[in-house]
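Visitor: Counting from 34, one number per residue, gives the positions in the sequence shown under the working numbering.
The beta-carbon is built from N, C-alpha and C at its ideal position, and this holds for glycine as well.
None of the values given here were measured: they were computed from a predicted structure.
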Amino acid sequence: MPHEDRLRRALRGLLLACALFGPVAAAAEDLARDAAALRADVPHGVVLYFKHCVSCHGRQAWGDGIRVIPALAGQREPYIIAQLAGFISGARQGSAVHGPAMHDALQPPDVKRAQALRDLGAWLAQTAPNGAPEEGAGQALAAGKRAYAEGCAGCHGTDGAGTLEGTPALAGQHYSYLLTQLRGFTAGIRTHAAGTDKAALGTPDQQQAMADYLSRLRLRGAAGGDK
Ligand code: HEC
Ligand code: HEC
34 MPHEDRLRRA LRGLLLACAL FGPVAAAAED LARDAAALRA DVPHGVVLYF
84 KHCVSCHGRQ AWGDGIRVIP ALAGQREPYI IAQLAGFISG ARQGSAVHGP
134 AMHDALQPPD VKRAQALRDL GAWLAQTAPN GAPEEGAGQA LAAGKRAYAE
184 GCAGCHGTDG AGTLEGTPAL AGQHYSYLLT QLRGFTAGIR THAAGTDKAA
234 LGTPDQQQAM ADYLSRLRLR GAAGGDK
């Protein structure tokens, strides 16, 4: 195919994507920006969390590996706020099994507002991370470490704590959850970082290895020691 045709097709795809997802993504960004500009009321975040979130994410916000529910404790606040805004607007749909539950959890009027997102984000970011998440089988940790260092550490940090603006911490996240998200990015169910190539997210084996490796890193302040 001549170069110009390819370019035109790519452009048409991009315009279509903007028309379909543009308003949704913009709504999420507006909500996240409003939330970030507010003053955090951490005790209010705790109240909201125990009212609306604890049944799934757990008393310590450590999630549940078996149920593929992510740990939130110690996650970076701007990322938490952006994800909550994304679930509300539909910019992040979540998996077929779990997405609707997460979407519904954010519908009560006391949660679906910028102040609530800020308060929840602030509390979750400062609460102690999980020290014993679900891990993988431990069979390809060296390969996982290598693939992660080459393709991911620039944004997510060598220690997996998140480096670039907007990137999540991955260290100490549950293995099954990490793997589900990586597969979701590859399948196009969820959008990874702008400008990243799907192929760069690795082969199925590499994704397993990286998820396993990351689940064994620990965020600073993780409960239960520094494995
Ligand atoms: C019914 C169970 C359920 C409830 C209730 C629930 N969540 Fe979730 N949450 C999930 C699941 C499952 C996911 C993963 C969704 C997916 O990607 O498919 C998730 C994802 C998230 C994420 C994204 C984490 C990441 O690493 O990307 C955040 C943030 C979050 N939840 C916060 C909350 C907050 C705050 C509340 C309460 C207002 C809440 N959740 C209530 C089940 C729940
Ligand atoms: C250019 C920077 C960049 C690079 C390189 C990058 N990521 Fe990401 N990653 C991001 C951003 C930004 C997000 C948040 C996406 C969103 O807003 O939903 C993300 C999200 C994720 C998530 C979801 C975490 C969660 O809590 O739901 C996983 C898992 C992940 N990346 C793994 C990887 C792996 C593994 C690699 C390397 C193969 C990689 N990333 C490379 C920027 C990057």
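#1: Going by the DSSP bridge assignment, what does L245 pair with across the sheet?
#2: Does ligand 1 have even one heavy atom less than 7 Å from the beta-carbon of I113?
#3: Is A129 near ligand 4, going by C-beta to nearest heavy atom under 7 Å?
#4: For ligand 1, is there any heavy atom lying closer than 7 Å to the beta carbon of G132?
#5: Assuming I114 and A68 are in contact, meaning their beta carbons sit under 8 Å apart, how far apart are those beta carbons, in whole angstroms?
#6: Distance, Cα to Cα, A158 vs G164?
#7: Quick one: does the C-beta of I121 sit closer than 7 Å to a heavy atom of ligand 1?
#8: What are the boundary residues of the alpha helix (DSSP H) that includes R110?
#9: Checking the sheet assignment: what are the DSSP bridge partners for I102?
#10: Just to confirm my understanding: we take A147, look at its own chain, exclude 5 residues before and 5 after, and list those with CB closer than 7 Å. What are they?
#11: Where does the unbroken alpha helix (DSSP H) through H90 begin, and where does it stop?
#12: Secondary structure at R216, three-state DSSP: helix, strand or coil?
#13: Using alpha carbons as the reference points, say which of V75, G96, I102, L117 lies closest to A60.
#14: With respect to the alpha helix (DSSP H) encompassing H189, which residues constitute its N-terminal and C-terminal limits?
#15: From what residue to what residue does the alpha helix (DSSP H) around P133 run?
#16: Residues in its own chain within less than 6 Å of A223 by CB, not counting five upstream and five downstream?
#17: Return the first residue and the last residue of the alpha helix (DSSP H) that G164 is part of.
#18: Leaving aside the five residues before and after G132 along the sequence, list all residues of the same chain whose C-beta is less than 6 Å from its C-beta, in chain order.
#19: Excluding sequence positions up to five away, which residues of its chain have a Cβ less than 7 Å from the Cβ of P201?
#20: What is the rounded straight-line gap between the Cα of D238 and the Cα of A244?
Guide: In short:
#1: Looking up residue 245 in the sequence shown gives position 212. The amino acid occupying residue 245 in the given sequence is Asp; Leu does not appear at that position. Paired residue(s): none; D245 is not in a bridge.
#2: Within the sequence shown, numbered from 1, the residue matching residue 113 stands at position 80. Answer for I113: yes, Cβ within range of ligand 1.
#3: Here the bound small molecules are ligand 1 and ligand 2; ligand 4 is not part of this structure.
#4: Here residue 132 corresponds to residue number 99 of the sequence shown, with the count starting at 1. Answer for G132: yes, Cβ within range of ligand 1.
#5: In the sequence shown, counting from the first residue as 1, residue 114 sits at position 81. In the sequence shown, counting from the first residue as 1, residue 68 sits at position 35. Rounded, the Cβ-Cβ distance is 5 Å, consistent with contact.
#6: Sequence index remark: in the sequence shown, residue 158 carries index 125 (1-based). Sequence index remark: in the sequence shown, residue 164 carries index 131 (1-based). About 15 Å.
#7: For this step, residue 121 is matched to residue 88 along the sequence shown. Incorrect: I121 has no Cβ contact closer than 7 Å to ligand 1.
#8: Translated into positions along the sequence shown, residue 110 becomes position 77. According to the sequence provided, residue 110 is Glu. The question's Arg does not apply to it. Where E110 is concerned, the enclosing alpha helix (DSSP H) stretches over 110–122.
#9: Along the sequence shown, one-based indexing puts residue 102 at 69. I102 pairs with D97.
#10: Start at 1 with the first residue of the sequence shown, and residue 147 comes out as number 114. Same-chain partners within the cutoff: L64, D67, A68, L71.
#11: Walking along the sequence shown from the start, residue 90 turns up at place 57. Start and end: 87–90.
#12: Start at 1 with the first residue of the sequence shown, and residue 216 comes out as number 183. Correct three-state label for R216: helix.
#13: Counting from one through the sequence shown, the residue named residue 60 turns up at place 27. Taking only the C-alpha atoms, the option nearest A60 is L117.
#14: Mapped onto the sequence shown, residue 189 falls at position 156. Here the alpha helix (DSSP H) through H189 covers 186–189.
#15: Residue 133 sits at position 100 when you count from the first residue of the sequence shown. P133 -> alpha helix (DSSP H) spans 132–138.
#16: As a position in the sequence shown, residue 223 is number 190, starting the count at 1. One detail in the question is off: residue 223 reads as Arg in this sequence, not Ala. Result list for R223: G217, in chain order.
#17: Reading the sequence shown from its first residue, position 131 is the one you call residue 164. Segment: none, G164 is in no alpha helix (DSSP H) and carries neither H nor E.
#18: Your numbering for residue 132 matches position 99 in the sequence shown. Counting only Cβ-Cβ distances below 6 Å, and skipping sequence neighbours, we find Q126.
#19: Stepping through the sequence shown from its first residue, residue 201 is reached at position 168. Correct list, in chain order: Q108, R109, Y112, G195.
#20: Position 205 of the sequence shown, counted from the first residue, corresponds to residue 238. Position 211 of the sequence shown, counted from the first residue, corresponds to residue 244. Spanning the two alpha carbons is a distance of roughly 10 Å.
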